[in-house]
Amino acid sequence: MNIFRLVGDLSHLLAIFVLLLKIWKSRSCAGVSGKSQILFALVFITRYLDLFTNFISVYNSLMKVIFIASTVATVYLMYIKFKATYDSNHDTFRIEFLVVPVGGLAFLVNHDFTPLEILWTFSIYLESVAILPQLFMISKTGEAETITSHYLFALGSYRALYLLNWIYRYYFEGYFDLIAVVAGCVQTILYCDFFYLYITKVMWGKKLSLPA
Amino acid sequence: YLDIPEKDEL
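Protein sequences appear in the order of chains A and B.
In the numbering used here, each residue carries its 1-based index in the first sequence increased by 41.
In the numbering used here, each residue carries its 1-based index in the second sequence increased by 1.
Following this line, the structure appears as structure tokens:
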């Protein structure tokens, strides 16, 4: 474990709980893409299938359980409890256009052609594009609540920190996973224009609004 | 099989 990965995991945890609390406190999921949350739930479920078979550490197992439980809880709040506030008119990204190609790529490009490894690879590829419905929804509504932009900033930062973690691990541990690194770069690049808007607007107390 | 990095990350 290194500081980049620890801060990255905590940033990820923060993002998930900022969103969960926003929905719970405001009893509304306006401006939040339920489709992205479904994709994130799928990412965690397919990635953590080894939860009971591959024990790494208490921290690792605990975080896996928390990530799965909190993301499933978010999907539950959005589609069941606060369904009336779900903005389906703006959450229109066709996620089958993400899941199908990502599924095909996981079959073609992976470390080992076994079910668990293909599902892990599917999860890594899917995570890199899972935020697209959310970014698409913001581009359609033209703006995002400040709390939602904090959520996105923490979520985008987590994988950027993981890139630093992989640089650290390459030099100090000789650890290198090309699939995770390439997908992590794609994932972080997708946030670049959001990061620009966040730093130039939200940090100065302005609301995040995309140029019309 | 040996060349797969261990899955010790989240």
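Built from N, CA and C at the ideal position, the CB exists for glycine as well.
Just grab the DSSP bridge partners of residue i for me.
i: Leu249(A); result: Ala185(A)
What residues of chain B sit near residue i, judged by a beta carbon separation below 9 Å?
i: Arg46(A); result: Glu10, Leu11
i: Asn101(A); result: Asp9, Glu10, Leu11
i: Asp91(A); result: Lys8
Please state whether DSSP places residue i in a helix, a strand or coil.
i: Phe45(A); result: helix
i: Leu11(B); result: coil
i: Lys242(A); result: coil
i: Tyr2(B); result: Low confidence applies to Tyr2(B): its pLDDT is 48, below 50, so where it sits in the model is not reliable, and the reading given next is rough at best. It is coil, neither helix nor strand.
i: His152(A); result: coil
i: Tyr203(A); result: helix
i: Val73(A); result: coil
i: Ser164(A); result: helix
i: His131(A); result: coil
i: Tyr209(A); result: helix
i: Met87(A); result: The displayed chain sequence assigns Thr, not Met, to residue 87(A). It is helical.
i: Ala125(A); result: helix
i: Phe96(A); result: coil
i: Ile57(A); result: helix
i: Ile179(A); result: helix
If you follow the alpha helix (DSSP H) that residue i is in, where does it begin and where does it stop?
i: Glu137(A); result: 137 to 149
i: Leu103(A); result: 99 to 117
i: Leu231(A); result: 219 to 231
Measuring straight from C-alpha to C-alpha, what distance separates residue i and residue j?
i: Leu176(A); j: Ile97(A); result: 34 Å
i: Thr299(A); j: Met119(A); result: Nothing can be reported for residue 299(A): it is not among the residues displayed for chain A, which extend from 42 to 253.
i: Ser180(A); j: Val223(A); result: 25 Å
i: Gly225(A); j: Phe58(A); result: 22 Å
i: Ala147(A); j: Asp153(A); result: 10 Å
i: Leu204(A); j: Asp218(A); result: 11 Å
i: His53(A); j: Lys63(A); result: 15 Å
i: Val116(A); j: Tyr237(A); result: 28 Å
i: Tyr2(B); j: Glu214(A); result: Low per-residue confidence applies at Tyr2(B): pLDDT is 48, beneath 50, and the placement is therefore not dependable, though the value from the model is reported in the following sentence. Between Tyr2(B) and Glu214(A), the C-alpha separation is close to 19 Å.
i: Ile188(A); j: Asp128(A); result: 17 Å
i: Thr162(A); j: Ala71(A); result: 32 Å
i: Ala125(A); j: Ser74(A); result: 14 Å
i: Tyr192(A); j: Leu249(A); result: 12 Å
i: Ala201(A); j: Pro142(A); result: 24 Å
i: Tyr239(A); j: Met104(A); result: 27 Å
For a contact meaning CB atoms closer than 7 Å, what does residue i contact in chain B?
i: Tyr216(A); result: Pro6
i: Ile97(A); result: Asp9
Going along chain B, which residues have a C-beta under 8 Å from residue i?
i: Phe108(A); result: Leu11
i: Met104(A); result: Leu11
i: Trp161(A); result: Lys8
What do you reckon, is the C-beta of residue i under 7 Å from a heavy atom of the ligand GDP?
i: Phe138(A); result: Judged by which ligands are present, the structure shown has none, so any question about the ligand GDP falls away.
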